[in-house]
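Top line first, the protein sequences correspond to chains L and Z.
Residue 108 in the numbering used here sits at position 108 of the first sequence, and the numbers go up by one each step.
Count along the second sequence from 1, add 267, and you get the number used in the numbering used here.
As structure tokens, the structure follows; a few thoughts come after it.
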Amino acid sequence: MNDVVQNAPSPSGAVHAAGVSIKDLRKSYGSNEVLKGIDLEVAPGEVVCLIGPSGSGKSTLLRCVNLLEQPNQGTIHVGGFESTDPDVDIDKMRRKVGMVFQQFNLFPHLSALQNCTIAQTKVLKRSQADASAAARKNLERVGLGHLADRFPDELSGGQQQRVAIARALSMDPELMLFDEPTSALDPETVGDVLSVMRNLAREGMTMLVVTHEMGFAREVADRVVFMDGGVVVEQGVAEKVISSPAHARTKEFLRRVLDPTHIDITE
Amino acid sequence: MAMTARQRAKVSLYVQAGIFVVAVIALILATDWETISNSVFNFAKVGPMFPDIILVGLKNTLIYTALGFIVGLSGGLLLALMKLSSFPLYRWIATGYIEFFRGVPALLVFIAFGYGVPLAFGVSWNVTVVAMVSLGMVAAAYIAETLRAGLQAVPKGQMEAARSLGMPQWRAMISIVIPQAFRIVLPPLTNEVILLTKDSSLIYVLGLTASQYELTKFGRDGISSLGAGLTPLLIAGALYLVITIPLSLLARKFESRSARTKR
Chain L
1 MNDVVQNAPS PSGAVHAAGV SIKDLRKSYG SNEVLKGIDL EVAPGEVVCL
51 IGPSGSGKST LLRCVNLLEQ PNQGTIHVGG FESTDPDVDI DKMRRKVGMV
101 FQQFNLFPHL SALQNCTIAQ TKVLKRSQAD ASAAARKNLE RVGLGHLADR
151 FPDELSGGQQ QRVAIARALS MDPELMLFDE PTSALDPETV GDVLSVMRNL
201 AREGMTMLVV THEMGFAREV ADRVVFMDGG VVVEQGVAEK VISSPAHART
251 KEFLRRVLDP THIDITE
Chain Z
268 MAMTARQRAK VSLYVQAGIF VVAVIALILA TDWETISNSV FNFAKVGPMF
318 PDIILVGLKN TLIYTALGFI VGLSGGLLLA LMKLSSFPLY RWIATGYIEF
368 FRGVPALLVF IAFGYGVPLA FGVSWNVTVV AMVSLGMVAA AYIAETLRAG
418 LQAVPKGQME AARSLGMPQW RAMISIVIPQ AFRIVLPPLT NEVILLTKDS
468 SLIYVLGLTA SQYELTKFGR DGISSLGAGL TPLLIAGALY LVITIPLSLL
518 ARKFESRSAR TKR
């Protein structure tokens, strides 16, 4: 299936997807303004890839969505919650938003299965049996059902990242955030993680993905957003932004990313 | 004539061995062996210490230490959390407590709780309670610093991952951060137990009845009653080692285990 996936949720309806609406988002660390007024709409079931050079603010933007970073200004709506409302129940909002980190952040003292059950039992108050069943289903979904009893340090990086995805999915999120999910992986395990994410996209999950994997973005993303210097420089259909970018900064970035060995001797 | 590196290493080894042999010979010649065997290694006369020094002394040392550790660990955890609190007053109280109890001799704390507090408040505490509170309050100060370091050593991403799953701060601490911090501090915590075991000897400053004697008190009593010189203290010391050496081995085992799982 090579054609561009449309914005509509999959007909299976397995996922109840939420949208995201970001308006005039600003974030500073001291005098350093990292996000300079971001507007971004993500429709339910849409897959959006955030690309851009390091320091462009894309990870910060992602982390603002589930309030791991506190924005200084602007509003964010996530699936019926205004997460920037001071009175919002942050924990309740976060249950709907799955997060996958660059460094996996699996809980090293818990097995793969327990990593997937602990928040279900402690936060959603599910019974141990229900939580285990959901955890096993999601570990199967990421192709790791047979490793449920392993501990994180007994798993490869790619396997750990897939457990981390299963852990997030076990909370039945309506939106998934991926913060450079393959950047810390050995090259040979990247494919497994990307294929799990590809399947998730096909099931209709809303996904916001910070990534440097242009192949993945081109194939899976409905839309690619290019950020630089804390602003959205350019966005549009993945194929178009990556193959024929309109902006000079986008062109320059993609040229470096797609051919890192290229040296421009005309500079 | 210039030596090769290997020859120099060989000479250095011979010199070190030579110094050692000379020191041992000097020590043997300088020792008054008759006195030593009468007053330090006089094992013939210490029979009456047994079996009470083990059944009562060793047992009481273990009890005082264990109770002190329980108080120290709970107090230490509370202080560590206070020290990491966002509420400044809690941080100041914890810092003040830790500086005070690390700075004064444990002996003074025993005297304060054994004599001062009962006098001030008109209560009479039994020896076990005094040992538990005194040891516990001193231990809490040291354990607090150990636990604080352990809590801070848990990567920030662990808290972020737990919060991202919808866990409130306190839940993330209890289920995710504290269990990992304990794994990190297991070796230094074991060393705290060793220190505590030895500090439990300070209970001697209180008047003890026979059933409350711990190892050091048995040793001191033996000196005055058995006529075997310092030999009873040697026995008591050996029994401390029976407790502390396995603890040291345990700490080393925890250390190698955490080194293996560290990534």
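We put the beta carbon where it would ideally sit given N, CA and C, even for glycine.
Because the structure is a prediction, the values reported are computed rather than measured.
Leaving out five residues on either side along the sequence, give the residues of the same chain with a beta carbon under 8 Å from the beta carbon of residue i.
i               : result
K251 of chain L : P245
V232 of chain L : I38, D39, L40, V225, F226
A276 of chain Z : none
A248 of chain L : none
I118 of chain L : F107, L110
V338 of chain Z : M399, V400, L402, G403, M404, A406, A407
V278 of chain Z : M270
Give me the DSSP bridge partner(s) of residue i.
i               : result
G98 of chain L  : L:M176
N305 of chain Z : Answer is none; N305 of chain Z lacks a bridge partner.
E33 of chain L  : L:S28
L40 of chain L  : L:I22
V48 of chain L  : L:L208, L:R223
Rank the options by C-alpha distance to the C-alpha of residue i and give the top, closest one.
i               : options                        : result
I22 of chain L  : L:S54, L:P71, L:P53            : L:P71
P181 of chain L : L:G45, L:V237, L:P173, L:V210  : L:V210
Q447 of chain Z : Z:G489, Z:A429, Z:K520         : Z:A429
L61 of chain L  : L:L194, L:D24, L:A148, L:N115  : L:D24
T332 of chain Z : Z:S304, Z:M270, Z:A407         : Z:A407
I90 of chain L  : L:V123, L:N105, L:Q102         : L:V123
L35 of chain L  : L:H16, L:A18, L:V20, L:R63     : L:R63
Q73 of chain L  : L:L50, L:F104, L:I51, L:E33    : L:E33
R202 of chain L : L:P152, L:S31, L:D87, L:E219   : L:E219
V237 of chain L : L:A18, L:K27, L:L50            : L:L50
N327 of chain Z : Z:P513, Z:A503, Z:A518, Z:R519 : Z:A503
L169 of chain L : L:M214, L:Q120, L:F151         : L:Q120
R487 of chain Z : Z:P499, Z:G494, Z:L462         : Z:P499
A112 of chain L : L:G30, L:F81, L:D149           : L:D149
F253 of chain L : L:D228, L:G191, L:E239         : L:D228
Y409 of chain Z : Z:M440, Z:L344, Z:L386         : Z:L344
R524 of chain Z : Z:V460, Z:Y471, Z:R450         : Z:R450
I445 of chain Z : Z:N309, Z:S478, Z:P422, Z:E301 : Z:P422
With a threshold of 7 Å on Cβ separation, who are the neighbours of residue i within its own chain once the five nearest residues in sequence on each side are excluded?
i               : result
M1 of chain L   : Any reading at M1 of chain L is ruled out, since the residue's pLDDT is 38, under 50, leaving its predicted position unreliable.
N7 of chain L   : Confidence at N7 of chain L is low in this model, with a pLDDT of 40, below 50, so its placement is unreliable and no value can be given for it.
F521 of chain Z : L453, P454, T457
V396 of chain Z : none
S275 of chain L : Residue numbering for chain L in the displayed model covers 1 to 267; residue 275 of chain L lies beyond these limits and cannot be assessed.
A347 of chain Z : A411, L414, R415, L418
K258 of chain L : According to the sequence as given, residue 258 of chain L is Leu; it is not Lys. If we look at L258 of chain L and ignore the five residues flanking it on each side, its Cβ neighbours are M214.
E69 of chain L  : K27, T60, R63
Y364 of chain Z : L346, A408
Could you name the residues of the same chain whose beta carbon sits closer than 6 Å to that of residue i, not counting the 5 residues immediately before and after it, in chain order?
i               : result
E366 of chain Z : none
V20 of chain L  : V42, V78
S515 of chain Z : none
V142 of chain L : R162, I165, A166, V196
M270 of chain Z : none
I461 of chain Z : T511, L514
F377 of chain Z : S401, L469, V472
S374 of chain Z : Note on residue identity: the sequence assigns Leu, not Ser, to residue 374 of chain Z. Once the five neighbours on either side are set aside, the close Cβ partners of L374 of chain Z are L469.
Is residue i close to chain B, meaning its C-beta is less than 8 Å from at least one C-beta of that chain?
i               : result
G433 of chain Z : Going by chain labels, chain B is absent from the structure shown, which instead holds the protein chains L and Z.
- Query: Can you give, in chain order, each stretch of the beta strand (DSSP E) that sits fully within the region 62-135 of chain L and has at least 3 residues?
  - Reply: Entirely contained in the region 62-135 of chain L, the beta strand (DSSP E) runs reaching 3 residues are, in chain order, 73-78, 97-100.
- Query: Which runs of the alpha helix (DSSP H) spanning at least 4 residues fall entirely within the region 420-467 of chain Z, listed in chain order?
  - Reply: Counting whole runs of 4 or more residues, the region 420-467 of chain Z contains the alpha helix (DSSP H) stretches 423-431, 436-439, 445-466.
- If you pair each beta-carbon of the region 126-135 of chain L with each one of the region 441-455 of chain Z, do three or more pairs fall below 8 Å? In this structure the region 126-135 of chain L does not touch the region 441-455 of chain Z; the number of beta carbon pairs closer than 8 Å is below three.
- With a floor of 3 residues, list each beta strand (DSSP E) that falls wholly inside the region 203-237 of chain L, ordered by position along the chain. Entirely contained in the region 203-237 of chain L, the beta strand (DSSP E) runs reaching 3 residues are, in chain order, 206-210, 223-228, 231-237.
- Message: With a threshold of 8 Å, are at least 3 pairs of Cβ atoms found where one atom belongs to the region 87-102 of chain L and the other to the region 165-184 of chain L?
- Response: Yes, the region 87-102 of chain L touches the region 165-184 of chain L.
- Message: With three or more beta-carbon pairs closer than 8 Å as the criterion, would you say the region 315-335 of chain Z touches the region 458-474 of chain Z?
- Response: Touching, yes, given that three or more Cβ pairs across the two stretches are closer than 8 Å.
- Message: Whether or not the region 479-496 of chain Z and the region 312-325 of chain Z are in contact is what I'm after, with contact meaning three or more pairs of Cβ atoms, one per stretch, closer than 8 Å; do they touch?
- Response: As far as the Cβ criterion goes, the region 312-325 of chain Z touches the region 479-496 of chain Z, which means the pair count is three or higher.
- Query: Does the region 348-360 of chain Z come close enough to the region 374-393 of chain Z to have 3 or more Cβ pairs within less than 8 Å?
  - Reply: Contact between the region 348-360 of chain Z and the region 374-393 of chain Z is not established, with fewer than three Cβ pairs separated by less than 8 Å.
- Message: If we require 4 or more residues per run, which alpha helix (DSSP H) segments fall completely within the region 466-508 of chain Z?
- Response: Fully enclosed alpha helix (DSSP H) runs of no fewer than 4 residues occupy 482-493 of the region 466-508 of chain Z, in order along the chain.
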